[in-house]
Amino acid sequence: MKYLFLFSVLLISSCVNAPKIIADKGAVYGMISADVHPAFKKKMLNNSNSFSGYSEAGVEGGNNQDKMIDYSQLNELYVGLVLPDYRPQQHQLVAYREKMSLRSLALSIGDELYIHNKSATVQNFFVSEIGGEGFQSFSALEVGQSAHFTVKLAGNLELLSEENDQLKTILFSKKNMRTKKLSSGQTYQFENLKPGLYRLIFWYWRLGKIEQTISIKSQENLRIDKTLTVDSVMRAN
Amino acid sequence: MKKYPFILALTSLVYFLSIPLLSAGTVVGLVQAPKRVKKVIVYLKREKPAKQNEPVQKHLVSQKDTHFKPALWIISEGDSIEWANNETKEIDHNIFSLNALNRFDLGLGAKGSKLAQSFSKSGVLNYYCSIHKEMEGKIIILPSRYYQLLDKPTHFKIKNLPEGKWILDAVVLHRRYKAVPIKLTIGKDTVNNLNLSIVKR
Numbered sequence: 163m164k165y166l167f168l169f170s171v172l173l174i175s176s177c178v179n180a181p182k183i184i185a186d187k188g189a190v191y192g193m194i195s196a197d198v199h200p201a202f203k204k205k206m207l208n209n210s211n212s213f214s215g216y217s218e219a220g221v222e223g224g225n226n227q228d229k230m231i232d233y234s235q236l237n238e239l240y241v242g243l244v245l246p247d248y249r250p251q252q253h254q255l256v257a258y259r260e261k262m263s264l265r266s267l268a269l270s271i272g273d274e275l276y277i278h279n280k281s282a283t284v285q286n287f288f289v290s291e292i293g294g295e296g297f298q299s300f301s302a303l304e305v306g307q308s309a310h311f312t313v314k315l316a317g318n319l320e321l322l323s324e325e326n327d328q329l330k331t332i333l334f335s336k337k338n339m340r341t342k343k344l345s346s347g348q349t350y351q352f353e354n355l356k357p358g359l360y361r362l363i364f365w366y367w368r369l370g371k372i373e374q375t376i377s378i379k380s381q382e383n384l385r386i387d388k389t390l391t392v393d394s395v396m397r398a399n
Numbered sequence: 230m231k232k233y234p235f236i237l238a239l240t241s242l243v244y245f246l247s248i249p250l251l252s253a254g255t256v257v258g259l260v261q262a263p264k265r266v267k268k269v270i271v272y273l274k275r276e277k278p279a280k281q282n283e284p285v286q287k288h289l290v291s292q293k294d295t296h297f298k299p300a301l302w303i304i305s306e307g308d309s310i311e312w313a314n315n316e317t318k319e320i321d322h323n324i325f326s327l328n329a330l331n332r333f334d335l336g337l338g339a340k341g342s343k344l345a346q347s348f349s350k351s352g353v354l355n356y357y358c359s360i361h362k363e364m365e366g367k368i369i370i371l372p373s374r375y376y377q378l379l380d381k382p383t384h385f386k387i388k389n390l391p392e393g394k395w396i397l398d399a400v401v402l403h404r405r406y407k408a409v410p411i412k413l414t415i416g417k418d419t420v421n422n423l424n425l426s427i428v429k430r
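Just so you know, the protein sequences line up as chains Z and C, in that order.
Here our numbering = 1-based position in the first sequence + 162.
Here our numbering = 1-based position in the second sequence + 229.
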């Protein structure tokens with residue numbers, strides 16, 4: 163079973179399409195995924211070969227499966243690239259009665275949040291720096307209305323509602339960072355890049371980020387795959 | 230007649246033991262906050278940070294039913310937390326935080342195991358288990374041992390403060406608000422009628 167899994171991973175990995183080559187330009191592309199702690203994974207693999215409380219799929223007995231994080235199903239992994247000629251992006255969020263449409267969002271300073279209020283009450287949103295004093299408040303958003311708000315802070319932030327503590331989105335903001343939201347195992351690409359050095363960032367709200375400098379060369383596609391785990395993020399920071 | 234030396238010794242002992250208490254101050258006051266503010270941790274920190282002489286403490290957090298219990302814990306700088314895996318089934322847990330305040334990964338803890346971590350810097354830190362989605366915890370690390378947790382803004386009383394210059398402040402869990410710190414000089418007498426205001430940022 164585990165060989166079938168490894169074969170599938172290799173097969174999917176080989177299917178990542180490289181961007182089209184453009185004269186005097188380069189690109190970066192690859193696959194992002196996240197995974198459980200390596201020590202747990204190792205234990206799961208060991209236990210799959212012997213009879214124990216762990217099943218072959220590597221999860222704890224029966225009724226605990228729904229309490230575990232299914233890393234293969236994560237759909238809020240982000241890849242960002244810092245661009246010298248960055249143009250602000252717009253990100254859409256919906257505020258429901260008990261939650262926001264996104265648990266997390268990676269964006270750039272100057273990007274716009276387009277928030278639609280589908281909750282039952284007026285919401286006064288604000289952005290607060292995690293572990294710091296950074297703070298930004300937005301104007302009141304009436305029920306059923308939408309509005310644009312520009313994020314002016316960088317770092318690890320939270321978008322919160324003054325009225326309802328269930329309405330919360332964790333933000334990671336960095337100057338001039340173009341971002342793509344992906345599911346685990348999906349591919350990203352940033353193409354049409356001038357040759358030079360760039361900062362490439364991989365982020366998942368619960369695990370944090372891995373940041374690296376990449377060198378883009380003319381008429382070359384650079385492939386960088388990344389798996390975010392507690393271990394890999396810890397080593398990178 | 231033989232009783233008198235004993236009584237004298239006992240009286241002297243009580244007197245000498247009471248000296249530190251007499252030289253310790255107390256602050257009493259009221260937290261005034263808007264209606265939306267619920268939990269507040271009122272604390273005092275020295276105006277000029279000094280080396281703490283008090284012994285560090287070990288706090289215990291349980292891991293049960295794939296939750297951290299309690300999920301919110303308050304400690305002081307230098308203290309440590311021990312997480313005990315108290316699951317009834319064979320369930321492993323991991324404890325990690327990638328907060329800049331204190332980065333740690335305690336690895337894997339099987340049922341019955343205990344994992345510990347100490348905290349040297351004050352601040353607020355979130356931590357997680359990388360296996361179970363509902364396992365999120367928060368630690369509030371205060372710069373001193375002189376604090377009081379209030380479930381809602383109300384009266385507070387903090388005792389046994391050494392003499393000196395202090396700052397009265399609060400951690401407000403609703404992040405839209407913050408406390409307006411007050412500078413205080415603590416002597417032997419109680420400092421009464423303090424009003425600690427919680428205002429919008």
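Idealized CB from N, CA, C, for every residue including glycine.
Quick caveat, the model's predicted, so the values are computed rather than measured.
Taking Z/Ser345 as reference, the option from Z/Thr389, Z/Ile271, Z/Ala180 and Z/Val256 with the minimal CA-CA separation is Z/Thr389.
The DSSP-derived three-state label of Z/Val284 is coil.
Following the DSSP letters along the chain, one finds Z/Phe352 inside the beta strand (DSSP E) bounded by residues Thr349 to Leu355. Following the DSSP letters along the chain, one finds C/Val256 inside the beta strand (DSSP E) bounded by residues Gly254 to Gln261. When the beta-carbon positions are compared, Z/Met396 and C/Asp321 stay at least 8 angstroms from each other. Shown here for Z/Pro200: same chain residues with a beta carbon closer than 7 angstroms to its own, the five before and five after excluded, namely Thr391 and Asp393 in chain order. The beta carbon of Z/Arg265 sits closer than 7 angstroms to the beta carbons of Glu238, Thr331, Ile332 and Trp367 from its chain, once the five residues preceding and following it are set aside; these are given in chain order. Remark: three or more beta-carbon pairs, one from each stretch, lie closer than 8 angstroms, so the segment 312–326 of chain C and the segment 351–367 of chain C are flagged as touching. C/Val420 is outside the set of residues whose beta carbon lies under 8 angstroms from a beta carbon in chain Z.
By the CB criterion at 8 angstroms, Z/Val244 and Z/Arg361 fall inside the cutoff. Bridge partners of Z/Ala309 according to DSSP: Z/Ile277. Contacts between C/Val353 and chain Z, judged by CB atoms closer than 9 angstroms, involve Ile292 and Gly293 in chain order. In this structure, C/Pro299 places its C-beta atom within 8 angstroms of the C-beta atom of C/Val290. Taking a C-beta cut-off of 7 angstroms against chain C, none of the residues of the segment 251–269 of chain Z qualify. By the rule that beta-carbons nearer than 8 angstroms mark a contact, Z/Lys379 does not touch chain C.
Between the segment 415–422 of chain C and the segment 377–395 of chain C there are three or more C-beta pairs closer than 8 angstroms, enough to call the two in contact. With a cutoff of 8 angstroms on beta-carbon distance, Z/Leu329 and Z/Ser323 are scored as near each other. In this model, Z/Leu269 and Z/Gln251 are separated by some 8 angstroms (Cα to Cα). In this structure Z/Tyr276 is exposed. Its beta-carbon is surrounded by fewer than 16 other beta-carbon atoms within 10 angstroms. The beta carbon of C/Lys287 sits closer than 8 angstroms to the beta carbons of Asp308, Ser309, Ile310, Glu311 and Ala345 from its chain, once the five residues preceding and following it are set aside; these are given in chain order. With a threshold of 16 other beta carbon atoms within 10 Å, Z/Leu207 falls short and is exposed. For the pair of segments examined, the segment 367–377 of chain C was found to touch the segment 264–276 of chain C: the number of CB pairs separated by less than 8 angstroms reaches three.
Between C/Gly416 and Z/Gly293, the C-beta spacing is not below 8 angstroms.
The secondary-structure analysis by DSSP pairs C/Asp334 across a beta bridge with C/Phe325.
Residue state for Z/Ser323 is assigned as strand, using DSSP reduced to three classes. Rounded to whole angstroms, Z/Gln374 and Z/Phe364 show a C-alpha spacing of 9 angstroms. The C-alpha of C/Ile324 is placed about 16 angstroms away from the C-alpha of Z/Lys229.
Contacts with chain Z at 8 angstroms (Cβ-Cβ) do not include C/Ala279.
At least one C-beta of chain C is nearer than 8 angstroms to the C-beta of Z/Asn226. Under the three-state reduction of DSSP, Z/Lys204 is assigned to helix.
Assignment of Z/Asp228 by DSSP, reduced to helix, strand and coil, places it in the helix class. Per DSSP, reduced to three states, the secondary structure at C/Asn282 is coil, with no helix or strand assignment. Counting every other CB atom within 10 Å of its CB across the protein chains shown gives Z/Gly358 a total below 16, marking it as exposed.
At a beta-carbon threshold of 9 angstroms, none of the residues of chain Z lie near C/Asp398; the nearest stands roughly 13 angstroms away. Residue state for Z/Asp393 is assigned as helix, using DSSP reduced to three classes.
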